[in-house]
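These notes concern the structure reproduced below.
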Amino acid sequence: MFVLGLETSCDETAAAVVTEDRRILANKVLSQLDEHRPFGGVVPEIAARSHLDHIGDLVEQAMSEAGLEFAQLDGVAATGGPGLIGGVFVGVMTAKAIAAAHKIPFLAVNHLEGHALTARLSEGDAAAFPYLLLLVSGGHCQLLAVEGVGRYIRLGGTIDDAVGEAFDKTAKMLGLPYPGGPALEQAARAGDAKSVELPRPMRGRPGCDFSFSGLKTAVRHRIEAMLEGRDDLEESQVADLAASFQRAVGDVLADRCTHAMERFAQTYGRPGPLVVAGGVAANQALRDRLSELAQAQGTELLAPPIALCTDNAAMIAWAGMERLQLGLTDPLTFAPRPRWPLDQLKGVA
Ligand code: KG4
Ligand code: ZN
Numbered sequence: 014m015f016v017l018g019l020e021t022s023c024d025e026t027a028a029a030v031v032t033e034d035r036r037i038l039a040n041k042v043l044s045q046l047d048e049h050r051p052f053g054g055v056v057p058e059i060a061a062r063s064h065l066d067h068i069g070d071l072v073e074q075a076m077s078e079a080g081l082e083f084a085q086l087d088g089v090a091a092t093g094g095p096g097l098i099g100g101v102f103v104g105v106m107t108a109k110a111i112a113a114a115h116k117i118p119f120l121a122v123n124h125l126e127g128h129a130l131t132a133r134l135s136e137g138d139a140a141a142f143p144y145l146l147l148l149v150s151g152g153h154c155q156l157l158a159v160e161g162v163g164r165y166i167r168l169g170g171t172i173d174d175a176v177g178e179a180f181d182k183t184a185k186m187l188g189l190p191y192p193g194g195p196a197l198e199q200a201a202r203a204g205d206a207k208s209v210e211l212p213r214p215m216r217g218r219p220g221c222d223f224s225f226s227g228l229k230t231a232v233r234h235r236i237e238a239m240l241e242g243r244d245d246l247e248e249s250q251v252a253d254l255a256a257s258f259q260r261a262v263g264d265v266l267a268d269r270c271t272h273a274m275e276r277f278a279q280t281y282g283r284p285g286p287l288v289v290a291g292g293v294a295a296n297q298a299l300r301d302r303l304s305e306l307a308q309a310q311g312t313e314l315l316a317p318p319i320a321l322c323t324d325n326a327a328m329i330a331w332a333g334m335e336r337l338q339l340g341l342t343d344p345l346t347f348a349p350r351p352r353w354p355l356d357q358l359k360g361v362a
């Protein structure tokens with residue numbers, strides 16, 4: 014079986030084709046970074062217009078790389094939300110048009126479900142249901158028990174910033190280039206993670222919720238103290254702050270995941286596996302930290318390859334494939350959803 018997937022919910026225009034036996038036949042991603050960089054963040058109007066300019070070409074490229082005609086597709090999936098609504102419209106309308114023209118099923122995929130099921134594409138049977146999911150992206154930071162396609166039980170989430178947002182804002186304060194997450198990780202490589210004392214919000218508290226705004230504020234205070242009237246920090250100070258911030262985030266994630274593993278074990282009789290997904294899962298230092306934690310708890314960390322952690326269409330095609338196989342197709346009247354929590358999906362009992 015072949016499913017074409019489209020992703021247009023943020024600043025990547027992407028098209029991919031996957032098979033039911035987990036092969037990725039094409040995975041095209043066009044980043045709009047250069048278009049948004051002058052503004053220091055994603056501009057929704059620019060994003061939507063750029064998706065419109067490029068989606069046709071990307072679909073053509075993905076289909077030709079996969080060596081397929083539209084008529085050979087078993088389904089076409091697009092991100093139906095959550096995300097920047099102008100962009101979501103572009104992907105959804107493109108997919109609906111292909112579905113209508115070629116009389117194939119249409120699948121509206123929740124972007125977060127795309128991230129959540131990626132480990133099943135990359136790791137196969139190791140990511141059999143149920144598993145514990147740490148979803149860490151630019152807009153989300155959640156711990157969930159994944160029982161099946163469309164079946165998510167929320168164990169905790171952030172009470173303020175998402176972790177990717179904390180990376181991006183902290184990077185901006187440090188004067189690092191946009192996008193902040195990868196730039197901060199790069200800067201942290203030259204720094205000493207023990208050099209700057211920072212708080213670990215929520216550590217030791219019961220439950221699985223997160224908070225990052227206090228950590229961000231603490232970094233701002235340290236920067237002000239270090240500047241001592243100068244305009245810019247020295248490179249070594251930036252590196253030390255970046256490394257210390259990244260370590261603090263790792264400690265918080267590890268503490269919250271430990272609680273989640275305990276709760277997961279109470280329900281399912283084992284603490285994991287722990288699956289990490291979303292753009293922040295591209296961070297190698299955090300992957301290493303979570304891998305050590307999982308091993309210490311007697312389970313394993315499953316982390317998809319980095320290119321499948323940041324936004325891509327292979328994950329949308331794969332979630333579409335899983336839904337198609339369960340008969341969970343969507344009508345062409347589907348309306349894009351700017352907000353769409355994972356625990357409100359339609360699944361199978
Ligand atoms: O999943 P994603 O590509 O888009 C959303 O759905 O949000 O995640 C983007 C987020 C951004 O906040 C970005 O800074 C962060 O993931 N990110 C990273 C790294 N690569 C991307 N954060 C930390 N370290 C990285 N290497
Ligand atoms: Zn994402």
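Quick note, the sequence shown lines up with residues 14 to 362 if you use the working numbering. Even glycine gets a Cβ: it sits at the ideal position worked out from N, Cα and C.
- Which of helix, strand or coil DSSP assigns to ILE117: coil
- Is SER77 helix, strand or coil by DSSP? helix
- Task: Please determine, among LEU254, GLN279, ALA84, the residue with the shortest C-alpha to C-alpha distance to ASP205.
- Result: Comparing alpha-carbon positions, the option among LEU254, GLN279, ALA84 lying closest to ASP205 turns out to be LEU254.
- From THR346 to GLU160, what does the alpha carbon distance come to, in whole angstroms? 28 Å
- Item | Contact belief for HIS124 with SER22 at Cβ below 8 Å, rounded distance in angstroms | 5 Å
- Pull up the distance between the alpha-carbon of MET334 and that of PHE83, whole angstroms please. Looking at the two C-alpha atoms, the distance is approximately 16 Å.
- Option nearest GLY177 by Cα separation, candidates GLN199, HIS153, ALA140, TYR165: HIS153
- Message: My output table needs one value for LEU46: the three-state DSSP class, helix, strand or coil.
- Response: Helix at LEU46.
- Query: Within 10 angstroms of its Cβ, does ILE172 collect 16 or more other Cβ (buried), or is it exposed?
  - Reply: exposed
- How would you call HIS272, buried or exposed, if buried means at least 16 neighbouring beta carbons within 10 angstroms? Buried, since its Cβ has 16 or more Cβ neighbours within 10 Å.
- Query: Can we say the region 34-50 touches the region 105-122, given the rule of at least three CB pairs closer than 8 Å?
  - Reply: Too few Cβ pairs lie closer than 8 Å, so no.
- Query: Would you report the Cα separation of TYR144 and GLY163, rounded to the nearest angstrom?
  - Reply: 13 Å
- Query: Hey, which residues come within less than 6 Å of the ligand ZN, measuring from Cβ to any heavy atom, in chain order?
  - Reply: HIS124, HIS128, SER150, GLY291, GLY292, ASP324
- Query: Could you give the C-beta distance for PRO317 and ALA290, rounded to a whole number, given that I count them as a contact under 8 Å?
  - Reply: Correct: roughly 7 Å between the Cβ atoms.
- Which full runs of the beta strand (DSSP E) of 3+ residues lie inside the region 270-325, going along the chain? The region 270-325 is shown to contain whole beta strand (DSSP E) runs of 3 or more residues at 287-290, in chain order.
- Query: Can you find at least 3 beta carbon pairs, one from the region 278-292 and one from the region 83-95, that sit closer than 8 Å?
  - Reply: no
- Among VAL122, LEU168, ALA256, which residue has its Cα nearest to the Cα of ALA330? The shortest Cα separation from ALA330 among VAL122, LEU168, ALA256 belongs to VAL122.
- For VAL103 versus ILE68, is the C-beta spacing smaller than 8 Å? yes
- Message: If contacts are defined as beta-carbon pairs under 8 Å, then LEU134 and LEU337 qualify, I think. What distance do you get, rounded to the angstrom?
- Response: Rounded, the Cβ-Cβ distance is 14 Å, inconsistent with contact.
- Query: Of the residues ALA61, VAL262, GLN74, which one's Cα is nearest the Cα of MET215?
  - Reply: VAL262
- Message: For a test of the three-state rule: what should DSSP assign to GLU20, helix, strand or coil?
- Response: strand
- Is any heavy atom of the ligand KG4 found at a distance shorter than 7 Å from the C-beta of GLU48? no
- Message: the ligand KG4 and GLU198: does the residue's C-beta get closer than 7 Å to at least one heavy atom of that ligand?
- Response: yes
- Message: Counting beta carbon pairs with one atom in the region 192-209 and one in the region 294-302, are three or more of them shorter than 8 Å?
- Response: yes
- Query: Under the criterion of a Cβ to heavy atom distance below 7 Å, does ALA295 qualify as lining the ligand KG4?
  - Reply: yes
- Query: Who are the near neighbours of LEU81 in its chain, counting only those whose CB is closer than 7 Å to its CB and skipping five residues on each side?
  - Reply: PHE15, VAL30
- Go ahead and label LYS359 buried or exposed: buried means 16 or more other beta carbons lie within 10 angstroms of its beta carbon, across all protein chains shown. exposed
- Message: Which residue marks the beginning of the beta strand (DSSP E) containing VAL89, and which one marks its end?
- Response: 88-94
- Task: Would you mind stating whether CYS322 and LEU156 have Cβ atoms separated by less than 8 Å?
- Result: no
- Query: Since ALA201 is in the alpha helix (DSSP H), which residue starts that stretch and which ends it?
  - Reply: 193-201
- Task: Whole angstroms is fine: what's the gap from LEU17's alpha carbon to ARG35's?
- Result: 13 Å
- Does DSSP put GLY169 in a helix, in a strand, or in coil? Three-state result, GLY169: strand.
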